[in-house]
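Novice: Going down the list, the sequences are from chains A and B.
Take the numbering used here: the last position of the first sequence gets the number 196, and nothing is skipped along the way.
Take the numbering used here: the last position of the second sequence gets the number 196, and nothing is skipped along the way.
Where is the CB? At the ideal position from N, CA and C, for every residue including glycine.
These numbers come from a predicted model, not from an experiment.
Protein chains: 2
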Amino acid sequence: MPKRVDHDARRGEIARAALRLCVREGLASVTIGRVAAEASISKGLVQHYFPTKEALLQLAATMQRRDIESAVAAAVHLDEPPRTALRQVLLALVNLGTEQILAGHAFLASTAANPQLHRLYREGSSAATAAVARLVTEACGSAVAAEAEARILLGVAGALADARMLGEISHSAAVEILDLQLSRLIADSAS
Amino acid sequence: MPKRVDHDARRGEIARAALRLCVREGLASVTIGRVAAEASISKGLVQHYFPTKEALLQLAATMQRRDIESAVAAAVHLDEPPRTALRQVLLALVNLGTEQILAGHAFLASTAANPQLHRLYREGSSAATAAVARLVTEACGSAVAAEAEARILLGVAGALADARMLGEISHSAAVEILDLQLSRLIADSAS
DNA sequence: TCGTTTACAATACGTTCGTATTGTAAACAT
DNA sequence: ATGTTTACAATACGAACGTATTGTAAACGA
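And the structure:
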């Protein structure tokens, strides 16, 4: 009934409904109609805010990345020493919900067919590696190969998150494995 | 026109066509009709070999896992010492083609919606971890936490494969990073 | 030899997809 | 006051989906 609506916020709501659907029933079941139902709006309104389905998926993927970034940002308390911040960042990744992990895999798999998604994920991955590499340098000095160590740590965190999602390992087991690797890089990796 | 046909082989061909499509254009574009066209057969023949689309995807996922297993098996020469075999296994994973990696992510993302796929991937992941853990024990003795180290190594290998697929790092950079981690576990990790 | 089975194609069917079009009522600009 | 936007719903539409049904010709068992 009213008029002016926050356009970006509405788009965000719709994209978030798409993400929920993707996680719950797979990317293949994300259709305009299902998204509209999930968001409790009409099919026509989805079209009003997104010219095409691809644009909707693009925003959903972007928001999924942003969700991860803000989960990481929320986990690191700024006044901690670098070694603690590094651990907190990796722990945040391990603790990601099933939602973020599943959606991430789904979009990553679409990378081959969608150059825009490819760029999004490539840049996101590079940025994450660079950020972790900086923390590694701060925590360990410049004697270590920071980028290589960052890739190792991010790989371990990702694999632990996957294993946790699949129900293979418990949260505490994941933390132990992460700390095992961290203890190789820096002494005193206690929380 | 003739009669007796190797049923399993035919099913394999069709599933492989589905995999190619999945890699090239994403899981969402894997439809009965497209698979039939990719395999150069009629839509009806796909139905003749698979009662349902889900059965087709199930076999495709199973074959994708088998492909990875045989790539790994082909990479390890049996008479090598364990430390060399371990490195060869991980290198084989890093060197996986874009196809296997992308399809793996796509199926893993369908895990939430498909309990059968969930079991397939959970069991596959556990088996891989156990196999690598055994190699770790053989190579380093029982003083190390073999399963934890196996998860770390598999995580690193997977992340390197992903980074290579996205075009972030070169093959040689990936090998260097893998060897960096391996050198922590065992002395003399040279090829 | 003849009926059954099998490999495969063709097509029909109801559903659902993405998109286009149209309608309506509320807010704004003038 | 009025005409243009804007938020939203409804529906129409052709294409493509998964599946069911039917047809045909070749190989087999009897």
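(1) Residues of the stretch 116-131 of chain A with a CB closer than 8 angstroms to any CB of chain B: list them in chain order, please.
(2) In terms of residues, what are the limits of the alpha helix (DSSP H) holding leucine 83/B?
(3) When you check each C-beta in the stretch 11-35 of chain A against every C-beta of chain B, which residues fall closer than 9 angstroms?
(4) Name, please, each residue of chain B whose Cβ falls closer than 7 angstroms to the Cβ of arginine 189/A.
(5) Is there at least one Cβ from chain A nearer than 7 angstroms to isoleucine 73/B's Cβ?
(6) So leucine 165/B and valine 99/B are supposed to be a Cβ contact under 8 angstroms. How far apart are they, rounded?
(7) Is the CB-CB distance between glycine 31/B and alanine 151/A below 7 angstroms?
(8) Counting contacts by CB-CB distance shorter than 7 angstroms, is histidine 176/A in contact with chain B?
(9) Is the CB-CB distance between leucine 61/A and alanine 90/A below 7 angstroms?
(10) Can you list, in chain order, the residues of its chain with a C-beta nearer than 6 angstroms to that of arginine 39/A? Leave out the 5 residues immediately preceding and following it.
(11) Report the rounded CA-to-CA distance for alanine 195/A versus alanine 79/A, giving the unit in angstroms.
(12) From Val180/B, Gln69/B, Gln121/B and Leu158/B, pick the residue whose C-alpha is nearest to that of alanine 138/B; which is it?
(13) Consider the Cβ of isoleucine 182/B: report whether some Cβ of chain A lies at a distance smaller than 7 angstroms.
(14) What residues of chain B sit near glutamine 186/A, judged by a beta carbon separation below 8 angstroms?
(15) Taking glutamate 173/A as the query, report the chain B residues whose CB atoms sit under 7 angstroms from its CB, ordered along the chain.
(16) Apply the 10 Å Cβ neighbour rule to methionine 6/B and answer buried if 16 or more other Cβ atoms are within range, or exposed otherwise.
(17) For alanine 150/A, return the contacting residues in chain B, with the cut-off set at a CB-CB distance below 9 angstroms.
(18) Which one of Leu185/A, Gly160/A and Glu104/A has the shortest CA to CA distance from arginine 169/B?
(19) With DSSP run on the structure shown, which of helix, strand or coil describes aspartate 1/A?
(20) By alpha-carbon positions, which one of Arg92/A, His82/A and Ile191/A ends up nearest to serine 147/A?
(21) Classify aspartate 11/A: buried if its beta carbon has 16 or more other beta carbons within 10 angstroms, exposed otherwise.
(22) When you compare only the Cα positions, how much space is there between alanine 153/B and lysine 58/B?
(23) Exposed or buried, glycine 172/B, counting other C-beta atoms within 10 Å across all chains shown (16 or more means buried)?
(24) Taking just the CA atoms, how far does glutamate 104/A sit from serine 188/B?
(25) Just to make sure I have the definition right: I need the residues of chain A whose C-beta is within less than 9 angstroms of the C-beta of valine 137/B. Which are they?
(26) Could you say which of Lys48/B, Arg71/B and Ala33/B lies nearest to glycine 17/B if we only look at CA atoms?
(27) For a quick check, are the C-beta atoms of isoleucine 182/B and arginine 92/A less than 7 angstroms apart?
(28) Output yes or no for whether 7 angstroms exceeds the beta carbon distance between serine 115/B and leucine 122/B.
(29) Short of 8 angstroms Cβ to Cβ, which residues in the stretch 96-108 of chain B face chain A?
(30) Between alanine 164/A and chain B, is there a C-beta pair that is closer than 7 angstroms?
(31) For a contact meaning CB atoms closer than 7 angstroms, what does histidine 110/A contact in chain B?
(32) Output yes or no for whether 7 angstroms exceeds the beta carbon distance between leucine 64/A and alanine 14/A.
Specialist: Quick answer:
(1) Thr116, Ala117, Ala118, Asn119, His123, Tyr126, Arg127, Ser130 and Ser131
(2) As a working mapping, residue 83/B is identified with position 78 in the second sequence. Careful: leucine 83/B lies outside any alpha helix (DSSP H) and carries neither H nor E.
(3) Cys27, Val28, Arg29, Glu30, Gly31, Leu32, Ala33, Ser34 and Val35
(4) For the purposes of this step, residue 189/A is taken as residue 184 along the first sequence, with counting starting at 1. Simply Arg189.
(5) Taking the first residue of the second sequence as position 1, residue 73/B is located at position 68. Not one chain A Cβ lies under 7 angstroms of isoleucine 73/B.
(6) By one-based count along the second sequence, residue 165/B stands at place 160. By one-based count along the second sequence, residue 99/B stands at place 94. That pair is a contact at about 5 angstroms.
(7) As a first step, residue 31/B is located in the second sequence; it is residue number 26 there, counting from the start. As a first step, residue 151/A is located in the first sequence; it is residue number 146 there, counting from the start. Contact: no.
(8) For the purposes of this step, residue 176/A is taken as residue 171 along the first sequence, with counting starting at 1. It does not: the Cβ of histidine 176/A has no partner Cβ on chain B nearer than 7 angstroms.
(9) Along the first sequence, read from residue 1 onward, the residue named residue 61/A stands at position 56. Along the first sequence, read from residue 1 onward, the residue named residue 90/A stands at position 85. No, these two residues do not count as a Cβ contact at 7 angstroms.
(10) For the purposes of this step, residue 39/A is taken as residue 34 along the first sequence, with counting starting at 1. Here the set comprises Leu26.
(11) Within the first sequence, the letter at position 190 stands for residue 195/A. Within the first sequence, the letter at position 74 stands for residue 79/A. Confidence in alanine 195/A is poor, its pLDDT being 40 and thus under 50, which makes the residue's placement unreliable; the coordinate value appears in the next sentence. Going from the Cα of alanine 195/A to the Cα of alanine 79/A covers about 20 angstroms.
(12) What you label residue 138/B is simply residue 133 of the second sequence in a count that begins at 1. Alanine 138/B has its Cα closest to that of Leu158/B, out of Val180/B, Gln69/B, Gln121/B and Leu158/B.
(13) Residue mapping note: residue 182/B aligns to position 177 of the second sequence, counting from 1. It does: the Cβ of isoleucine 182/B has a partner Cβ on chain A nearer than 7 angstroms.
(14) The sequence position of residue 186/A within the first sequence is 181, counting from 1. Ile157, listed in chain order.
(15) Translated into the one-based positions of the first sequence, residue 173/A becomes position 168. Those within 7 angstroms of glutamate 173/A in chain B are Arg127, Ser130 and Ser131.
(16) Indexing the second sequence from 1 puts residue 6/B at position 1. Because methionine 6/B sits at a pLDDT of 46, beneath the cut-off of 50, its placement in the model cannot be relied upon, and the following sentence gives the value as read from the coordinates. Label assigned to methionine 6/B: exposed.
(17) Sequence index remark: in the first sequence, residue 150/A carries index 145 (1-based). Glu181, Ile182 and Leu185, listed in chain order.
(18) Taking the first residue of the second sequence as position 1, residue 169/B is located at position 164. Measuring from the Cα of arginine 169/B, the nearest candidate turns out to be Gly160/A.
(19) As displayed, chain A neither begins before 6 nor continues past 196, which places residue 1/A out of reach and without an answer.
(20) Translated into positions along the first sequence, residue 147/A becomes position 142. Nearest of Arg92/A, His82/A and Ile191/A to serine 147/A, Cα basis: Ile191/A.
(21) Taking the first sequence and counting its residues from 1, the one referred to as residue 11/A is at position 6. Exposed.
(22) Locating residue 153/B in the second sequence gives position 148, where the first residue counts as 1. Locating residue 58/B in the second sequence gives position 53, where the first residue counts as 1. Taking the straight line from one Cα to the other gives about 38 angstroms.
(23) Numbered from its first residue, the second sequence carries residue 172/B at position 167. Exposed: under 16 other Cβ atoms inside 10 Å.
(24) Translated into positions along the second sequence, residue 188/B becomes position 183. Translated into positions along the first sequence, residue 104/A becomes position 99. Their backbone Cα atoms lie some 35 angstroms apart in a straight line.
(25) Locating residue 137/B in the second sequence gives position 132, counting from the first residue. Chain A residues near valine 137/B: none, gap ~12 angstroms exceeds 9 angstroms.
(26) The residue labelled residue 17/B in the question sits at position 12 within the second sequence. Of the listed residues, the one whose Cα sits closest to glycine 17/B is Arg71/B.
(27) Working through the second sequence from its first residue, we reach residue 182/B at position 177. Working through the first sequence from its first residue, we reach residue 92/A at position 87. Their beta carbons are not under 7 angstroms apart, which means isoleucine 182/B does not touch arginine 92/A by this criterion.
(28) The residue you call residue 115/B lines up with position 110 of the second sequence. The residue you call residue 122/B lines up with position 117 of the second sequence. For serine 115/B and leucine 122/B, yes; Cβs fall inside 7 angstroms.
(29) Thr103, Leu107 and Ala108
(30) For the purposes of this step, residue 164/A is identified with residue 159 of the first sequence, where counting begins at 1. So yes, alanine 164/A belongs to the interface.
(31) Stepping through the first sequence from its first residue, residue 110/A is reached at position 105. Chain B residues near histidine 110/A: His110, Leu113 and Ala114.
(32) As a working note, residue 64/A is residue 59 in the first sequence. As a working note, residue 14/A is residue 9 in the first sequence. Going by C-beta atoms, leucine 64/A is not nearer than 7 angstroms to alanine 14/A.
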